[in-house]
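Participant: Residue numbers (my numbering): 1049 to 1119.
(1) Tell me residue 1090's beta-bridge partners as DSSP assigns them.
(2) Between the Cα of residue 1057 and the Cα atoms of 1066, 1077, 1067, 1050, which residue gives the shortest distance?
(3) Could you pull out every residue in the same chain whose Cβ sits closer than 6 angstroms to the Cβ of residue 1107, ignoring the five residues on either side in sequence?
(4) When DSSP labels each residue in this structure, what does residue 1114 get in the three-state scheme?
(5) Where residue 1075 and residue 1109 are concerned, what is the direct C-alpha to C-alpha distance, given to the nearest angstrom?
Written out as structure tokens, the structure reads:
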């Protein structure tokens, strides 16, 4: 199993397990919409003795306003 490191957006700094280490995009539920993160760069720590395999994902967009204002 690999780990996704999220950068930017509302989930900045979060670590999530990846079922597929080759996954290039994450679409995650957030409030009433979804947030999209895309992988940047190659997998890290892919050896057998250097810890969990990790991938960096950067925030791309959200499908609904993250901080809606009350009208």
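Glycine residues also receive a C-beta, built at the ideal position from the N, C-alpha and C atoms. Computed from a predicted model, the values in this text were never measured in an experiment.
Facilitator: In short, the structure shows the following:
(1) Mapped onto the chain shown, residue 1090 falls at position 42. Partner(s): none; residue 1090 has no beta bridge.
(2) Counting from 1 along the chain shown, the entry for residue 1057 is found at position 9. Checked all of 1066, 1077, 1067, 1050; the closest Cα to residue 1057 is 1077.
(3) Translated into the one-based positions of the chain shown, residue 1107 becomes position 59. Correct list, in chain order: 1056, 1057, 1085.
(4) Taking the chain shown and counting its residues from 1, one reaches residue 1114 at position 66. Of the three classes helix, strand and coil, the one that applies to residue 1114 here is coil, per DSSP.
(5) As a working mapping, residue 1075 is identified with position 27 in the chain shown. As a working mapping, residue 1109 is identified with position 61 in the chain shown. Roughly 10 angstroms separates the two Cα atoms.
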